[in-house]
Structure formats: structure tokens, C-alpha cells
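Peer 1: Below you will find the structure I want to go over with you.
Protein chains: 2
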Amino acid sequence: MRHDPLVQALRAGTPRARVLAREDIPSGLLHDEAAGARHGQARALVLPTETPEVRETVRTCAQFGVPVVARGAGTGLSGGANAVDGCVLIGTERMNRVLEVDTDNQTAIVQPGVVNDDLKGLCAERGLWYPPDPASSAWSTIGGNVATNAGGICCVKYGVTRDYVLGIEAVVGDGTVVRLGGRTVKGVAGYDLLGLFVGSEGTLGVITEVTVRLRSRNSRPPVTVVGFFDSLTAAGEAVVSVTASAATPAALELVDRHCLRAVEAWKRMGMDPNAAVLLLARSDAPADAAEEEARVLLDCFRSAGASWAERSTDPVEAEALFEARRLAYPALARLGPVLTEDVCVPRGHVPEMLAHIEEISAAWGTPVANIAHAGDGNLHPLIMTPGSDAVAMDRVHHVFDAIMDAAIALGGTVTGEHGIGLLKRDGMRREMSSAVLSLQRSVKQALDPQSRFNPGKLVP
Amino acid sequence: MRHDPLVQALRAGTPRARVLAREDIPSGLLHDEAAGARHGQARALVLPTETPEVRETVRTCAQFGVPVVARGAGTGLSGGANAVDGCVLIGTERMNRVLEVDTDNQTAIVQPGVVNDDLKGLCAERGLWYPPDPASSAWSTIGGNVATNAGGICCVKYGVTRDYVLGIEAVVGDGTVVRLGGRTVKGVAGYDLLGLFVGSEGTLGVITEVTVRLRSRNSRPPVTVVGFFDSLTAAGEAVVSVTASAATPAALELVDRHCLRAVEAWKRMGMDPNAAVLLLARSDAPADAAEEEARVLLDCFRSAGASWAERSTDPVEAEALFEARRLAYPALARLGPVLTEDVCVPRGHVPEMLAHIEEISAAWGTPVANIAHAGDGNLHPLIMTPGSDAVAMDRVHHVFDAIMDAAIALGGTVTGEHGIGLLKRDGMRREMSSAVLSLQRSVKQALDPQSRFNPGKLVP
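Heads up: the protein sequence lines correspond to chains A and B, in order. Numbers 0 to 459, taken from numbering that gives the first Met the number 0, label the letters of the first sequence in order. Numbers 0 to 459, taken from numbering that gives the first Met the number 0, label the letters of the second sequence in order.
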């Protein structure tokens, strides 16, 4: 299909971009990291370097009546970036320039393919900080982070990607370039279209530029408080206690025994294999306040019944524990396929939700590991799939659904930060009323009437 | 018109609500506080106490084909709550119950008519804090604050209303009750319809319940830093210096000599009548960090050329200065009609924007006073209208437009926190491209296809 007229038209429209025909597209670029999400076969892959190339690509797709699927680094966990049959994939990997870092205004303007950690590094050199820190920050791009409204560990104090996006440029419709938001930290002119595009998973257009807000870099070393608990619910009670306290930790993460053992088996970090649950809290409050806050956190851990809890005095050890947290997912994935949940519940309900997960796991005889941005109520139960036979897979899907239903029953949501993509469309139907689903579809219909952008994703 | 069949139908549908016929509606309820914004004559006013009454009211309006205009306390400054001819006004003043304060989850659920300060007070009793603090907080309602995405003084550190709204209930369409968002602090299921409704000025539906996020109450007394400057631009340079510093002040407010003199003439607070500009900064950082931050702020003020700058050692005096800031607008309004701007520019451009305002004022021979949430780049130039003759009014409107254009040219917006309403529709046209205006209209058309809710507002 190198002589596909669509490919020829794409090449003619964007002489400087790379355009790959169907048979030349590496298969790894057809999907993201969501286990079990289907993907189709793209008809072409375009790798632009500038906005006009994206505009021309969308115009050509409009002429040929083919769908457009944008992708960043493909680290998503819900299938949002998966190719649909016959689509043109737009990869942003070559749109990777930081266009401006404005230290006076504490803002940066970047192309969508800039890697999160690369932006962080460049900001750090100027005494600035871009907070959003998804676990994928070493690979994932700002464009993808914006498209999914990515979260991470520091959200509990510093908020999610949405809180740092001041403006975007995007190609919409049949190839129109628009600017939404701007460079100001406040603004209420008209409907918040910027907020609507953040987290819209590429279904409303292709983001071609992002203006983000920065903070001053916090150069003080953080103070870490470590707690081990004998049960998930005791750890959950500690989370509630921290939420209701005056402390504002910069991290409050939970790692259960399944994860601790998987990390230990892999990396031999010397962690106690009998520990049931680890809670990690971190304070980055200024001056003496960090020590004061650490005492509050320690009190919360101990009063909730921690078997062992201390303020870490060894920065290397503290960093190793956070590293264990980061390694939990890949360590488990080494052992076999893992289906990742992303439920989020009101913070006061974290203990009940953890108890429900244990009950569901036991009822279906399927092990479920837990890592969690516990301070946000955002849990990542990891359903371990023991075999690929139909009976085992059936149980896994029952567990998946039961966990979503339990979260919804507690006033929660099926996705705190990974997005709907393909995997959570059924969950979205469970969570929302038919009237709200109808409003969701109205928005898609209004802003992408031809269903050009990432069709079949996000909206059930 | 007490026998208006619409009024009879409204009464039949909502037996417990108060329904006022056209001739019984107090004229003060037909508009908000925007000087110079036109309003029409409502056909009825409904004062419900519960969501079902709002739903039935909207259903009746749909049957009769009449528009619905919701209003809170009417403290808006852009005409957003003004009656349109033949509409049914829904006033939320009797929907004023706090339904829940959840200390574990740090959330509250309120009816839309709850007054901002009343919620603050109830939270304070439980050691909690609802931060958004518009100048109208003693009167304005949470529903109105959400509808306009209200800002205030503490936004510079703590964010705007949007940052505290977790969920809403609203009546949309022909009388359907929907819940958008929820009770979790994170969530990315589908498009951010919640964010779309926040700041939508009643044009998409009527908000009937709001779930807000709270913070722990900060019980430490804040530290205030006061600076006087000989020129607006010097004060602006101090603002840039603070923005680029590591300090995160909880307030950074500017008050110019016009305002200081007006307050002094009214309240006799003993302020220096020769001071050109006052900058007020406040740190509420924990423990010793507040003193450290105060030193940083003081350095910024002095290095920008403050004629006098000190950390306030007298809490009563410091509070009096903030009181002068709050009184600036009413003090000026006492002297004659004032047209209020609400431009917001990138923070690094505050000095240039202040210089432009002075130039425009001089060029048109029209005095312009300035108060500003300077730390956000959100300025409130107050155009003083010397007379009501056509020539004077013409000059005022030229100044109004020129200030908006100057802000747009600096990458700013025509409204940082007051909203579009009626007064800024032309400004929105100046600010946005025709493609973006078209997207704005598409959203309205998609979610309110009959143009039932607050027609003619927000969307030009």
C-alpha cells in the first residue's frame, strides 16, 4: 500500500514530515500499554514536526474521510491511543521542542511530544518545577499527559495535569488551528473549552502546543515517614486520619504485600517479606514545618495501629522505598498479565474500599495486588491473571467489574487518572446516568460532528 | 398578570415554592450589580427550596417556551444574572441549607443559595476552611460563585472556585436532573462536564446542589508585608519580582492613590494621602517559614524601588490595610458611576499593563483607578465616569475598549473572574478567533439546544 493514494496525498501535503505506509508502521506503535485492549490496523503513520503539518494531515484525512488517532509515547493504560482500522496515526515524537521557558511569568510553552522528565529537567536548571509526575514521566509526553489529564504521586498536594495547563493549540474540525486558554493564571471568558480538551483523549482534536504553569523549585530535601501495617484496612484508617489532619503531605502512597514481594523477588532490596502493607508519606513543607508535619503524619500512622512507623533518617533508604513503589507495577507485570484498575473513592472511604477489594479477591479466588495514591483515594488494584483459559479470564473480568461497582457504590469513579479509552467504556456506562451519557455524546457530536478524532474512544 | 396562565402553572407544579407574578417582583431582583448592563422584565419569579421544585419550574418553562434565568445574591458585575424579557427568574435564596460537612473526607454538600461566608463560618467551627473569597463573600452564594467561577484575594495561592468544586447537581434540558463530577478529588471519566458548567453563567442549566472540597483551617496568624511605591509601574515590577521568587504569598494586592484617597475620604483611616500605590502581601506559610517568606517579599518590594516597605508588626493595622483594599470599590462607587474592568495578563506583564492603563487614561482624559489581584495578573481598572453626557460616556467606552485591547495584545484576557455576562460579550469577540467563538456556540447549542437557559449571555 505504499502506493495508497492517501499516503501519497499525505506526503504531498506535508513534504517535511515523515509519512509511513501501512506495512512500514512498527506494530508497537499501533497500541498503548493497556493489557487486553484491542487495536486495529492504521493505514498510515505521520510524524510531523510542526503544527502546519498536523493541520495539513487532518485536512487530507477529512478529504479522504478517514479517522485520525494521535499518540504520544504510548504509555497509556486504557487503550486510548490504540489505532482504529483504516486510521491515520499522528505520532508526536518529533514535535519535541521546548519553545519557551518564561522565568518571570513561571510558564513554559512546549510542543506535545516533549517528554515529561525532559521538561522537568529543563525547568530545574532555571530553578523552576513542573509538578505533574505520572509513573511514566521518563517516557510519557506532555501532549499525552494533557490528553489524559495525567495524575501521579504529587497530586495529593500539587494537583493533576489540568491544574498546570494554561493554554493549548489544537487542530480541530476539518483542519482548523485554534488556541484555547492562554498564558494567564486566571480567565473566565466563555465556556472552559481548555478544560474540556484536557482529558478528552484525542477525541476532540490533535493538541499541537501546550502552555503550562510552573512553580518555584523546592530545593529542600523532603522528609519521609514510613509505616508498616498488618492489614490493608489499618493502612486505610491511617490514610483517613491523615486526610482529616492539618497535614498536607506531598505524597501518601500505599504498597501491599503482593507488590512488596514482587519487587523484593526482582530487585533484592532487603525489604521484610512478611510486611503486609507499606504506607509512604512525604512532607516538603518549608523550614521547620516539615518536621512538624512529619510528627503529625507519624501520629496518624501510629494511632491507626501501624506495626512499625518512623520518620526516615536515611534519605537513601527513603528514596529506595519510593523506588519500590515505582517498581511495583513492572515487578508484578513480570510475573504474568495484570489487569490494572484505577478506581477513585472519597478519601474517607479508602478503608471500606480496600476491604471490598479483599472480599472480591477472595470470593473469586483471584489474587489482587494493591498500589494506591492513597491520599487521593485513587487505588490501583492490580488483578493478577493466573492463566489464560476461559474460566480464569472470566473470573478476572468479574473481579474487574465488581471492583468498579464497589467504587461506584461508595460515591467513587471507575477512573481517577488513566482515562476511559477502550477498557473503561463499560465502567463509564455503569457510573453515569443515561442523561449524563447523553450530555457526553452531545459534546462529542458538537465538537467533532464527523467523528474524525479517535472514534470509539472515551464516549461509550 | 397575577392570572397569567404561566404563573398558575408554576404554582400548580411547585405548591411549596414561592411564585411571584410579574408585578410583584421587586425591581432589584431583575439585575445584578453591573453598572450599565441592560435588563428585561421577568414574567415570574420562583423561589424554590428543593431540587424537585427547580425541575418542575424548568419543565413548566419548557412547556410554555419561556427562558429561565437563575440568580443567587445578584452581586455579579457583568450582567450575567439580569432578567431577559418574558423569562422566569429562579432565585436560590431559600435553597440555603448546608446538607453535609464531612470532616473525614474534607468535603461539604450545599444548596446553591448558601452564602459563601456562612459556609466558611460553619467550616471554621469544624477546623475546616473553604478558601474561595470573592469580595462579595458576605452576600454572594456558592451557586453564584460556581456559575461565575468566582475568584478573590487568596486565589494567588489557593486557586479559584473551580479548584474546590468536586461535583454539582443541575437541572438541564427540559427538566432533567443530572449529577456531574462527584465526591472524589480525582476523576477522569469522560469529558469534564463539571468544569464546563463551572463558569457557564447559568447558560447550560440551573445548579441545584454543590459538593465542595475543603482544606484544614490555617489557625496561624498570617504575616503581612506592606509596600508603598511612587508609581504604578514600580509596584508592577515588585509583583513580577514576587512571581519569579520562591515565595508563594497567600495574597498580593494592589491599591492605587485614587482608591486610597476615596477610602480615606470615606473612612478616615489615617492613610497617607500622598502615597501613589500600596502593595499588600501576606504569607500564611507554616511555622518559621512565614517569617522567611516575609523577608523574601520585603526584598522584592525594596529591590523594585518601594518608597517604604516593612513587615507589619501590628495585626490590627495590617487588617485595616486589607479592609481598605476591600472598601476600595464601594468607596469609589460612592463618588459616582464606575465601570469595572477585569482584565488578566500574564504575570510578567503586569508593569506594562499598568503603564498602558495610565497612557489610555491620559489619552482620553478619563480618570482610571486601579485595584488588582496583582499576583494573578488580574487587574480591576475602575473607569470613573465624570458625567452622563454623551461625550463623557463615549470617552468612557473608548477607555473600556482600549484597556481590553491592551490586555489582549499582552496575551491576556478580558475577564479574569467576573465573567462575560452582557458587558464583556464584545470583549470576548475581540479576544477569541472566529473558530473558537464557533466552538463556544457549538457547546451552547449542544447542551441547551432550545436556548432555554439565560439566553443572550456569555456567548456573543
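Positions of the beta carbon are idealized from the N, C-alpha and C atoms, including for glycine.
With 8 Å set as the bound, which would you pick, yes or no: does the beta-carbon of Lys185 (chain A) sit closer than that to a beta-carbon of chain B?
Peer 2: Chain B, which has a Cβ nearer than 8 Å to the Cβ of Lys185 (chain A), makes this yes.
Peer 1: Any idea what DSSP makes of Cys343 (chain A), helix, strand or coil?
Peer 2: Strand.
Peer 1: Opposite Arg310 (chain A) in the DSSP bridges: which residues?
Peer 2: Looking at the DSSP assignment, Arg310 (chain A) forms a beta bridge with A:Val224.
Peer 1: Does any residue of chain D bring its CB to less than 8 Å from the CB of Arg182 (chain B)?
Peer 2: The structure shown contains no chain D; the protein chains it does contain are A and B.
Peer 1: Taking 8 Å as the CB-CB limit, is Pro285 (chain B) close to chain A?
Peer 2: Chain A, which has a Cβ nearer than 8 Å to the Cβ of Pro285 (chain B), makes this yes.
Peer 1: Quick check on Gly347 (chain A) - is its C-beta less than 8 Å from some C-beta in chain B?
Peer 2: With 8 Å as the cut-off, Gly347 (chain A) counts as an interface residue toward chain B.
Peer 1: Would a check of beta-carbon distances place Ala405 (chain A) closer than 8 Å to chain B?
Peer 2: Answer no: the Cβ-Cβ gap between Ala405 (chain A) and chain B never drops below 8 Å.
Peer 1: Let me know if Asp375 (chain A) comes out buried or exposed under the rule of 16 or more other beta-carbons within 10 Å of its beta-carbon.
Peer 2: With 16 or more other Cβ atoms within 10 Å, it is buried.
Peer 1: Determine the chain A residues that contact Val435 (chain B) at a beta-carbon separation under 9 Å, and present them in chain order.
Peer 2: Within 9 Å Cβ-Cβ: Val177, Arg178, Leu179, Gly189 and Leu192.
Peer 1: Tell me whether the beta-carbon of Glu200 (chain A) lies closer than 8 Å to the beta-carbon of Asn453 (chain A).
Peer 2: Yes; because the gap between Cβ atoms is below 8 Å, this pair is in contact.
Peer 1: Does the distance from the C-beta atom of Val164 (chain A) to that of Val171 (chain A) stay below 8 Å?
Peer 2: Contact: no.
Peer 1: Measuring only the C-alpha atoms, how far is Ala408 (chain A) from Asn377 (chain A)?
Peer 2: The straight-line gap from Cα to Cα measures roughly 15 Å.
Peer 1: Give me the chain A residues within the contact set of Ile419 (chain B), using Cβ-Cβ distance strictly less than 8 Å, ordered along the chain.
Peer 2: Near Ile419 (chain B) (Cβ distances below 8 Å), the residues of chain A are Val187, Ala188 and Gly189.
Peer 1: Can a CB atom of chain A be found closer than 8 Å to the CB of Asn453 (chain B)?
Peer 2: It does not: the Cβ of Asn453 (chain B) has no partner Cβ on chain A nearer than 8 Å.
Peer 1: Could you please tell me which residues of the stretch 74–87 of chain A, in chain order, have their CB closer than 9 Å to any CB of chain B?
Peer 2: Result list empty, no residue passes.
Peer 1: Please report the straight-line C-alpha distance between Cys153 (chain B) and Arg10 (chain B), rounded to a whole angstrom.
Peer 2: Each residue's Cα considered, the two are about 42 Å apart.
Peer 1: Output yes or no for whether 8 Å exceeds the beta carbon distance between Trp542 (chain B) and Leu213 (chain B).
Peer 2: Here chain B covers residues 0 to 459 and nothing more, so residue 542 (chain B) does not appear.
Peer 1: Using the three-state DSSP reduction, which class does Trp265 (chain A) fall into: helix, strand or coil?
Peer 2: DSSP places Trp265 (chain A) in helix when its eight states are reduced to three.
Peer 1: Within 8 Å (strictly less), CB to CB, does Ala243 (chain B) reach chain A?
Peer 2: Yes, Ala243 (chain B) lies at the interface with chain A (some Cβ there is under 8 Å from its Cβ).
Peer 1: Which residues, in order along the stretch 288–320 of chain A, keep a beta-carbon less than 8 Å from a beta-carbon of chain B?
Peer 2: Hits within the stretch, in order: Ala288, Glu291 and Glu292.
Peer 1: Mark Val315 (chain B) as exposed unless 16 or more other C-beta atoms lie within 10 angstroms of its C-beta, in which case mark it buried.
Peer 2: Its Cβ having fewer than 16 others within 10 Å, Val315 (chain B) is exposed.
Peer 1: Measure from the C-beta of Ala445 (chain B) to each C-beta in chain A and report whether the shortest distance is under 8 Å.
Peer 2: True, the Cβ-Cβ gap to chain A drops below 8 Å.
Peer 1: What first and last residue would you give for the beta strand (DSSP E) that runs through Ile108 (chain B)?
Peer 2: Looking at the DSSP string, the run of the beta strand (DSSP E) that includes Ile108 (chain B) is Thr106 to Val109.
Peer 1: What span of residues does the beta strand (DSSP E) with Met383 (chain A) cover, start to end?
Peer 2: Run containing Met383 (chain A): Asn377 to Met383, per the beta strand (DSSP E) assignment.
Peer 1: Alpha carbon to alpha carbon, how far is Gln110 (chain A) from Thr160 (chain A)? Give it in angstroms, no decimals.
Peer 2: So the alpha carbons of these two residues sit roughly 16 Å apart.
Peer 1: Against Met427 (chain A), what residues of chain B qualify as contacts under a CB-to-CB distance less than 9 Å, listed in chain order?
Peer 2: Ordered by position in chain B, the residues that pass the 9 Å Cβ test against Met427 (chain A) are Ala188 and Gly189.
Peer 1: Quick check: what's the CA-CA separation for Ser135 (chain B) versus Ser433 (chain A)?
Peer 2: Computed Cα separation, rounded: 37 Å.
Peer 1: Give the DSSP-derived three-state secondary structure of Thr412 (chain A) in the structure shown.
Peer 2: Looking at Thr412 (chain A) - three-state DSSP - the assignment turns out to be strand.
Peer 1: When we look at the beta-carbon of Asn148 (chain A) and count the other beta-carbons within 10 Å, is it buried (16 or more) or exposed?
Peer 2: Result: buried.
Peer 1: Since His372 (chain B) contacts Gly150 (chain B) with CB under 8 Å, what's their CB separation in whole angstroms?
Peer 2: About 7 Å separates the two Cβ atoms, so the contact holds.
Peer 1: Which partner residues does Leu279 (chain B) have in the DSSP bridge list?
Peer 2: Paired residues: B:Val225 and B:Glu252.
Peer 1: For the stretch 92–103 of chain A, list every residue whose C-beta sits within 8 Å of some C-beta in chain B, in sequence order.
Peer 2: So the close ones are Asp101, Thr102 and Asp103.
Peer 1: With respect to the beta strand (DSSP E) encompassing Thr56 (chain B), which residues constitute its N-terminal and C-terminal limits?
Peer 2: Note, Thr56 (chain B): premise wrong, no beta strand (DSSP E); alpha helix (DSSP H) at Thr50 to Phe63.
Peer 1: So, is the C-beta of Val413 (chain B) closer than 8 Å to a C-beta in chain A?
Peer 2: Chain A, which has a Cβ nearer than 8 Å to the Cβ of Val413 (chain B), makes this yes.
Peer 1: When you compare each of A:Arg325, A:Val262, A:Phe227 and A:Gly35 to Ser302 (chain A) by their alpha carbons, which one comes out closest?
Peer 2: Checked all of A:Arg325, A:Val262, A:Phe227 and A:Gly35; the closest Cα to Ser302 (chain A) is A:Phe227.
Peer 1: Note down the Cα distance separating Leu296 (chain A) from Pro14 (chain A), rounded to an integer number of angstroms.
Peer 2: Those two C-alpha atoms are separated by around 58 Å.
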